[in-house]
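If you count by the UniProt record's numbering, then the sequence shown holds residues 1 to 135, one letter each, in order.
Think of the CB as a built atom: it goes at the ideal place given N, C-alpha and C, for glycine as much as any other residue.
One structure is given below, encoded as structure tokens.
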Amino acid sequence: MKFQTENRFLTGMESTAMADIIFLLLIFFLLSSSFILQTGIKITLPEVTQPEMEERQQIVVTVTRDDQLFVNERKITWSNLRTEMEQALSESSSRTVIVKGDAEVSLGRTVEIMDVARELGAERLAIAASPKTKS
């Protein structure tokens, strides 16, 4: 007696392959984002005789520990973030936004700033960080 065998093809992705793909994407995005290390060296810049020179100005958005918000060292409110950043981006020749957040600030606030910047057409986003001290 012959048993009839069915040729079945399994369609779909295995969960391990999907996990590998997600892990590789996560690593790609982490490595492709840029971090800026700023040192605390204080210098006095020389004066220029031609102030008409165009400056490639970066927009710095700072969030303090007590949730105060600054755009280019000017204090603003969270409700005015979009309009203030839009004005700063229109005045800047560089479409770079640097987010400087206190270590105690929630990640959600930092992501909110980056989302607004990206929606308004910022070409480059960076997160400012300080180097760890060697112990």
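- With a cutoff of 7 Å on beta-carbon distance, VAL97 and ILE127 are scored as not near each other.
- By the neighbour-count criterion, in which a residue is buried when 16 or more other Cβ atoms sit within 10 angstroms of its Cβ, GLY121 is exposed.
- Judged by their CB atoms, VAL63 and MET85 are not nearer to each other than the 7 Å cut-off.
- VAL99 counts as buried, since no fewer than 16 other beta carbons sit within 10 angstroms of its beta carbon.
- Contact check for SER32 against GLN57 fails: the beta carbons are separated by 7 Å or more.
- Counting only runs that start and end inside the segment 106-130, the alpha helix (DSSP H) elements of at least 4 residues fall at 107-119.
- Listed in chain order, the non-local C-beta contacts of ARG109 below 8 Å within the same chain comprise VAL63, ASP67 and GLY101, local neighbours out to five positions each way being set aside.
- According to the DSSP assignment, THR16 belongs to the alpha helix (DSSP H) that extends over 15-32.
- A buried status is given to ILE113, since no fewer than 16 other beta-carbon atoms sit within 10 Å of its beta-carbon.
- Straight through space, the alpha carbons of LYS75 and LEU30 are spaced by roughly 30 Å.
- In terms of Cα proximity to ALA103, the closest of ARG65, LEU125 and ASN72 is ARG65.
- For ARG82, the enclosing alpha helix (DSSP H) begins and ends at 81-91.
- Annotation: PHE23 to LEU69 spans about 34 Å, alpha carbon to alpha carbon.
- For VAL71, the number of other beta carbons within 10 angstroms of its own is at least 16, and it is reported as buried.
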